[in-house]
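Colleague:
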Ligand code: NAP
Ligand code: GLV
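In the working numbering, the protein residues as written are 22 to 330.
1) Just how far apart, CA to CA, sit residue 226 and residue 150?
2) Would you check if the stretch 155-165 and the stretch 193-209 touch, i.e. whether three or more CB-CB distances between them fall below 8 Å?
3) Consider the C-beta atom of residue 322 and the heavy atoms of ligand 1; say whether any pair is separated by less than 7 Å.
4) Below 8 Å, how does it come out for the stretch 175-187 and the stretch 204-220: are there three or more Cβ pairs, yes or no?
5) In this structure, how does DSSP classify residue 285 when only helix, strand and coil are distinguished?
6) Confirm the yes/no value for this check: CB of residue 347, any heavy atom of ligand 1, distance under 7 Å.
7) Can you tell me whether residue 83 sits near ligand 2, meaning its C-beta is under 7 Å from at least one heavy atom of the ligand?
8) Below 7 Å, is the gap between the Cβ of residue 195 and the nearest heavy atom of ligand 1?
9) What's the gap between the Cα of residue 43 and the Cα of residue 314?
10) Does residue 40 come out as helix, strand or coil in the three-state DSSP assignment?
11) Measure the C-alpha to C-alpha separation of residue 79 and residue 297 and round it to an integer number of angstroms.
12) For the beta strand (DSSP E) holding residue 84, just list the boundary residues, first then last.
13) Cβ of residue 133 within 8 Å of Cβ of residue 265?
14) Could you name the residues of the same chain whose beta carbon sits closer than 7 Å to that of residue 255, not counting the 5 residues immediately before and after it, in chain order?
15) Within the continuous alpha helix (DSSP H) that includes residue 111, where are the two ends?
16) Whether or not the stretch 73-90 and the stretch 98-113 are in contact is what I'm after, with contact meaning three or more pairs of Cβ atoms, one per stretch, closer than 8 Å; do they touch?
17) Measuring alpha carbon to alpha carbon, tell me which residue in 128, 241, 82, 23 is nearest residue 317.
18) Examine chain C for any beta-carbon lying closer than 8 Å to the beta-carbon of residue 75, and answer yes or no.
19) What first and last residue would you give for the beta strand (DSSP E) that runs through residue 164?
20) Residue 240 lies in the beta strand (DSSP E); which residues open and close that run?
21) Ends of the alpha helix (DSSP H) at residue 77?
22) Reducing DSSP to helix, strand and coil, say where residue 35 ends up.
23) Once the 5 residues before and after residue 95 are set aside, which same chain residues still bring their CB inside 7 Å of it?
24) Which residues in the same chain have their Cβ closer than 7 Å to the Cβ of residue 52, if we skip the five residues on either side of it in sequence?
25) Any idea which residues DSSP pairs residue 51 with across the strands?
26) Report the partner residues of residue 265 according to the DSSP bridge assignment.
27) What is the residue span of the alpha helix (DSSP H) that residue 184 lies within?
28) Excluding five sequence neighbours on each side, which residues of the same chain lie with their C-beta closer than 8 Å to the C-beta of residue 177?
29) State the CB to CB distance for the pair residue 91 and residue 245, rounded to an integer number of angstroms; the pair is presumed to be in contact (CB under 8 Å).
30) Closer than 5 Å between the C-beta and any heavy atom of ligand 2: which residues qualify, listed along the chain?
31) Are residue 35 and residue 300 touching if we call contact CB-CB under 8 Å?
32) For residue 289, which residues from the same chain have a beta carbon less than 6 Å from its beta carbon, with the 5 sequence-adjacent residues on both sides left out?
33) Locate the beta strand (DSSP E) running through residue 156, then write down its first and last residues.
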C-alpha cells in the first residue's frame, strides 16, 4: 500500500523521511515517483496539479497539508467520493494566534506611522486608545478564528466574530449568516479574515464590504488571496476608506514582482507565513489521522464535504 506526498520541492525530502519513519507499514513515496499507480491508496498533498489525483484508481483518502482544502477542491477532475482530511493542531493555531495578535497590535498601536516617522527623525507622539476601546472583528470562527478571537479578548480588545452558523464564545460578540454581516462590519475597526475559500466567500473582501466598515478601518487577510478583490482594496486605500492592510495570501503566490501591493505604503506583504504547517508536529498529526482512517475509526479532522470547507 502506497502513500504519495506532494509538497513544495524545498521540503519534500524531509517529508518523505519523516512520514516513512512515522508510517513504516506503508510504502511512502513522492508524487513524481509514485510506483505502481494502482497501489496508491493515500495521498498527502498541497496544491496537487489539476487532474493529478485521478491517476490513482484505488485512492481511498486525501490528506491536505493545510487547514484549507480549496487547493484540492479546485481540481475539476478530482475523483468523486474520495474523503478529504484537513490539517489542524496546536502548532497551527498557536502560529496563527501569534500572527493575528502581532498585526492587530501593529495597527492598534499605529506602528506604520512610527515606522514612517523614523527615517524623517520625527518624534510623533500620540496616545492610542486602550485595547478595550478598539473593536476587532474576525471573519470565520472555526479552529483558527475562534482561537484568535479568544486570544484578542484576553489581550483586552473589544472582539466580535462572524461565522456561518450561530456561535457562543466567552468574551466575544458573535454575529452569523449573511444577515449578521452588516452589524458586524459596522462595529469593526480592525478586520481579520480567517474564512475558508468557498463559492460564498470568494471575493468577499470587496468595495461593498469595505464601505460598510467605519472609515479608516484596517484589514488583515490571512485566509486566501481569492477572498480579496485586489483592485477594490487599492481603491479603498486611495479613498482612505481603508487605512492599512496586512496581506499574507495572494491570488498568485509568490506575489508577482510587479504587483502594486509590493510598493504600496499602506500595505504590508508577508509571504504566506501566518501559520505554515510544522512538518514535525503536522506530520505526526497526519500519520495519526491516517492510522485512524485505516483502522476504520472516526477521524476528527475529516472534512464534511457537504459544507465545502
Ligand atoms: P474552519 O475551522 O473550517 O473555520 C471556518 C470558519 O469560517 C467557521 O467558523 C465557518 O462557520 C466560517 N464560514 C465558512 N463559510 C462561511 C460563510 N459563508 N459565511 C460566514 N462564515 C463562514 O477553518 P480554519 O481551520 O479556522 O481555517 C480558516 C482558513 O484559514 C483556512 O481555510 C485557510 O484558508 C486559512 N489558513 C491560512 C493559513 C496561512 O498561513 N495564511 C494557515 C492556515 C489556514 P461555521 O463555524 O458556522 O462552520
Ligand atoms: C495554509 O494556508 C493552510 O491552509 O493551512
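Here a beta-carbon is modelled for each residue, glycine too, at the ideal position from N, C-alpha and C.
Modeller: Inspection of the coordinates gives the following:
1) Those two C-alpha atoms are separated by around 26 Å.
2) Cβ pair count under 8 Å is three or more, so yes.
3) Flag unset: Cβ of residue 322 not near ligand 1.
4) Short answer: they touch.
5) Coil.
6) Here the chain comprises residues numbered 22 to 330, so residue 347 is not present and cannot be evaluated.
7) Distances between the C-beta of residue 83 and the heavy atoms of ligand 2 are all 7 Å or more.
8) For ligand 1, not one heavy atom lies less than 7 Å from the Cβ of residue 195.
9) Their Cα atoms are separated by approximately 15 Å.
10) In the structure shown, residue 40 sits in a helix (DSSP, three-state: H, G or I).
11) In this model, residue 79 and residue 297 are separated by some 30 Å (Cα to Cα).
12) 82-85 is the extent of the beta strand (DSSP E) around residue 84.
13) Against a cut-off of 8 Å, the Cβ pair of residue 265 and residue 133 comes out as a contact.
14) Contacts found: 281.
15) Note, residue 111: alpha helix (DSSP H), 111-129.
16) At 8 Å Cβ cutoff, the stretches touch.
17) Checking every option, the nearest Cα to that of residue 317 belongs to 82.
18) Among the chains of the structure shown, chain C does not appear; only one protein chain is present.
19) Residue 164 -> not in any beta strand (DSSP E); alpha helix (DSSP H) instead, spanning 164-175.
20) DSSP places residue 240 in the uninterrupted beta strand (DSSP E) bounded by 238-242.
21) No residue range can be given for residue 77, since it is assigned to no alpha helix (DSSP H) and is classified by DSSP as neither H nor E.
22) In the structure shown, residue 35 sits in a helix (DSSP, three-state: H, G or I).
23) Correct list: empty, nothing qualifies.
24) Shown here for residue 52: same chain residues with a beta carbon closer than 7 Å to its own, the five before and five after excluded, namely 25, 26, 27 in chain order.
25) Partner residues in the beta bridge of residue 51, as assigned by DSSP, are 26.
26) Partner(s): 239.
27) For residue 184, there is no enclosing alpha helix (DSSP H); the enclosing beta strand (DSSP E) covers residues 179-184.
28) Closer than 8 Å at Cβ, skipping near neighbours: 151, 152, 153.
29) With 8 Å as the limit, residue 91 and residue 245 qualify as a contact, their Cβ atoms being about 6 Å apart.
30) Those residues whose C-beta sits under 5 Å from the nearest heavy atom of ligand 2 are, from N- to C-terminal order along the chain, 87, 88, 89.
31) Going by beta carbons, residue 35 and residue 300 fall inside the 8 Å limit.
32) Apart from sequence neighbours up to five positions away, the residues of its chain that approach residue 289 with a beta-carbon distance below 6 Å are 267, ordered along the chain.
33) Annotation for residue 156: the continuous beta strand (DSSP E) segment containing it runs 156-160.
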